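*Asks:* According to my numbering, the sequence shown holds residues 7 to 517 in order. Let me give you the structure first, and then I'll get to my questions.
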Amino acid sequence: MQLFRGDGVEVAGLLLDRGLKIAPRARPLLIEYLQTARSNKRARITGRTGWHETTSAADGKAGAVFVLPNEAIGAGRDEWIFDSESPATTFTTRGSVKGWQQGVALLCRGNSRLLFTVSVAFAAPLLYLTGSEGGGFHLRGNSSDGKTTALRVAASVCGGRDFMQSWRATDNAQETMAAQHCDAPLLLDEIAQVDARAVGEVVYMLSNGVAKNRAQRMGGLRARASWRVLFLSAGEIGLLEQMSEAGKSPRAGQDARLAEIPADAGKGLGIFENLHGHHSGAEFSKALTDAARANYGGPFLAYLAELVKHQAGVADTVKEAQRKFQAACLTGEAHGQARRVADRFALVGAAGELATRWGLTGWDPGESMTAARTCFDAWKARRGGEGDAEQRAALAQVREFLRRYGESSFTEWDRPPNKDDHAPVRSDRSGYRKHDAAEDAVHFYIFNEVWRARVCKGFDAAAVGRLLVKRGFAEEGTEPDRPWLVRPMIPTEGRPRVVHILPALLSGDDD
């Protein structure tokens, strides 16, 4: 109602922008009519695609309709109208579902990454129905290995080539883009184009489904946009490399939200495994691209129509698929991060199976889930197992610090700095090193201040200290609240608080 403040210039301007012709002296009458008119027919307006809760016009039961820019799929008591300042026009159709199945889906068979990316498109609408959290997948590989082709194939489920988006966008544009792909796949090419300083926060924002707080022109906070997004990314580098350009490291939560899959399927054909009679990957890629240009968009509409009819039972189907997937792919010792990512892969596999069951893909039962497992195994192998990624990263950082500065930044234990020929050439000493002749190994004693500020930069120093003690990589001290700190008598130094790193750290593994 704020648009009606004053003389109604704002609301009149909005209507003019939308094409309404208003006579010069008619504006006051129009404003009066809009404020006083009553209508028996109501419509609900939204700037977000995807599922919206409603009640059935027939029996009054709760349900949901799926709102797209040009239509709402599903019967409800309310009429839904999509309205946005930046209208989404990428949900377009061409050809037929049958043509897409024979021209696109058929060529995906025998190619785990293609089967998976197409299934990602079908999985996006399941987030709401299953209560699943948002997140993404990132295909990482060399140039010209078929990554962009895989995104185009996935895009053909929902629309044409313009359905694909770019990582390169402002915060506002990214939020609008996410809202306009709510409950639909968001396909982002070339992660290297996004600002390295912001990419980690963008991953969080897309996954968490909430826009930033912003002030209104008249004061107060605007209502924040929200969404549910399953996004698929591609690039020659991964999240780690992109963030490292800005001197940052991804947290385990960011890494789990954007699960990195090696694009190379290991068959010497880049992302492909079966060329379906074509002589080269380039030729096969062109065939896929041509097929995706000829038929697109229809499969998503047909899939949504089936989801609307079967929405009540979808959650149980997916949860059972996730249970079986975890049992097959993980051990009982798997960390929660790995389990959450496994559920996302299983969601994708289950979506492909539903699309197959409803006659949309032409694939054999089980093909989509097998592809999801192949891609999950590739993610797990690249990650280094099913353990805690943050702990592994912390251990790796401590090791890297000692390997890089172990000679230059540590004073020899039994030689005072002013007499030590091997004294650190740096002015900011990190501590002491002590050679154990019996073990033929080196012990490091790191000053507590250095431990917190430099060695554990970006991590919780206390948590890393406890981890090292638990793993047998650091001596356990006597302070109950800080068991990673000890106070040995160091020649010429007294008894400073230090972290005593044992030789096992440099010879141990991260898991």
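Even for Gly, the Cβ is constructed at its ideal location relative to N, Cα and C. Fair warning: this is a prediction, and the values are worked out from it, not measured in the lab.
1. Report yes if the C-beta distance between isoleucine 51 and phenylalanine 88 is below 9 Å; otherwise report no.
2. Shortest alpha-carbon distance to phenylalanine 331 belongs to which of Glu77, His282, Cys381 and Ser286?
3. Pull up the distance between the alpha-carbon of glutamine 397 and that of threonine 155, whole angstroms please.
4. Which residue or residues does DSSP assign as beta-bridge partners of leucine 74?
5. Under the assumption that alanine 185 contacts arginine 54 (Cβ atoms under 8 Å), give the Cβ distance between them as a whole number of angstroms.
6. Bridge partners of glutamate 418, per DSSP?
7. In three-state terms, what does DSSP make of arginine 379?
8. Would you call valine 15 buried or exposed, if buried means 16 or more other Cβ atoms sit within 10 Å of its Cβ?
9. DSSP has phenylalanine 331 in a bridge; who is on the other side?
10. Is DSSP giving glutamine 171 helix, strand or coil here?
11. Which residue from Ala318, Pro502, Gln403 and Gly368 puts its Cα closest to that of leucine 527?
12. Taking a contact to mean a Cβ-Cβ separation below 9 Å, would you say leucine 236 touches valine 347 in this structure?
13. According to the Cβ coordinates, are glycine 140 and arginine 329 closer than 9 Å?
14. In the structure shown, what three-state DSSP assignment does arginine 503 receive?
15. DSSP puts proline 191 in a beta bridge; with which residues?
16. Just how far apart, CA to CA, sit glycine 225 and glutamate 207?
17. Quick one: what does DSSP say proline 494 is sitting in, helix, strand or coil?
18. Report yes if the C-beta distance between threonine 367 and alanine 179 is below 9 Å; otherwise report no.
19. Thinking C-beta only, is aspartate 195 closer than 9 Å to methionine 170?
20. Closer than 7 Å by C-beta to cysteine 5: which residues in its own chain qualify, once you throw out the five before and the five after it? Chain order, please.
21. Going by DSSP, which residues form a beta bridge with arginine 146?
22. With a Cβ-Cβ cutoff of 9 Å, do histidine 144 and alanine 252 count as a contact?
23. Going by Cα to Cα distance, which pick from Val456, His506, Glu455 and Gly500 is closest to valine 475?
24. Taking a contact to mean a Cβ-Cβ separation below 9 Å, would you say arginine 119 touches isoleucine 277 in this structure?
25. Run through the DSSP bridge pairs and tell me what tyrosine 4 is partnered with.
26. Quick check: the Cα distance between glycine 105 and alanine 78, rounded to an integer number of angstroms?
27. Just to confirm the assignment: which complete beta strand (DSSP E) runs, minimum length 3, are found wholly within the region 30 to 54?
28. Compute the Euclidean distance between the alpha carbons of aspartate 517 and glycine 390, then round it to the nearest angstrom.
29. With respect to the beta strand (DSSP E) encompassing phenylalanine 88, which residues constitute its N-terminal and C-terminal limits?
30. Let me check understanding here. Comparing Cα to Cα, which of Arg501, Thr376 and Val448 lies closest to phenylalanine 416?
31. For valine 163, name the three-state secondary structure that DSSP assigns.
32. Run through DSSP, which three-state label would glycine 115 get?
33. Could you check the C-alpha separation between tryptophan 385 and glutamate 499 for me, to the nearest Å?
34. Measure the Cβ-Cβ separation of valine 124 and alanine 160 and say whether it is below 9 Å.
35. To the nearest angstrom, how far is the alpha carbon of alanine 444 from that of isoleucine 197?
36. On the CB-based measure, 16 or more other CB atoms within 10 Å of its CB, does isoleucine 28 come out buried or exposed?
*Replies:* On the basis of the data shown:
1. yes
2. Cys381
3. 36 Å
4. In the DSSP output, where bridge partners are listed per residue, leucine 74 has none listed.
5. 5 Å
6. Arg439
7. helix
8. exposed
9. DSSP lists no partner for phenylalanine 331.
10. strand
11. Given a span of 7 to 517 for the chain in the structure shown, any question on residue 527 remains unanswerable.
12. no
13. no
14. coil
15. Leu236
16. Summary for glycine 225: the model assigns pLDDT 47, below 50, so the residue's position carries little reliability; its value from the coordinates is reported in the next sentence. Their Cα atoms are separated by approximately 26 Å.
17. coil
18. no
19. yes
20. Outside the shown range of the chain (7 to 517) lies residue 5, about which nothing can therefore be said.
21. Gly241 and Pro268
22. no
23. His506
24. yes
25. The displayed coordinates of the chain run from 7 to 517. Any statement about residue 4 would go beyond what the structure contains.
26. 24 Å
27. 49 to 52
28. The predicted model places aspartate 517 with a pLDDT of 49, which falls under 50 and marks its position as unreliable; any figure quoted below should be read in that light. Those two C-alpha atoms are separated by around 8 Å.
29. 85 to 88
30. Val448
31. coil
32. First, the residue type needs correcting, since residue 115 is arginine and not glycine in the sequence shown. It is coil, neither helix nor strand.
33. 48 Å
34. yes
35. 51 Å
36. exposed
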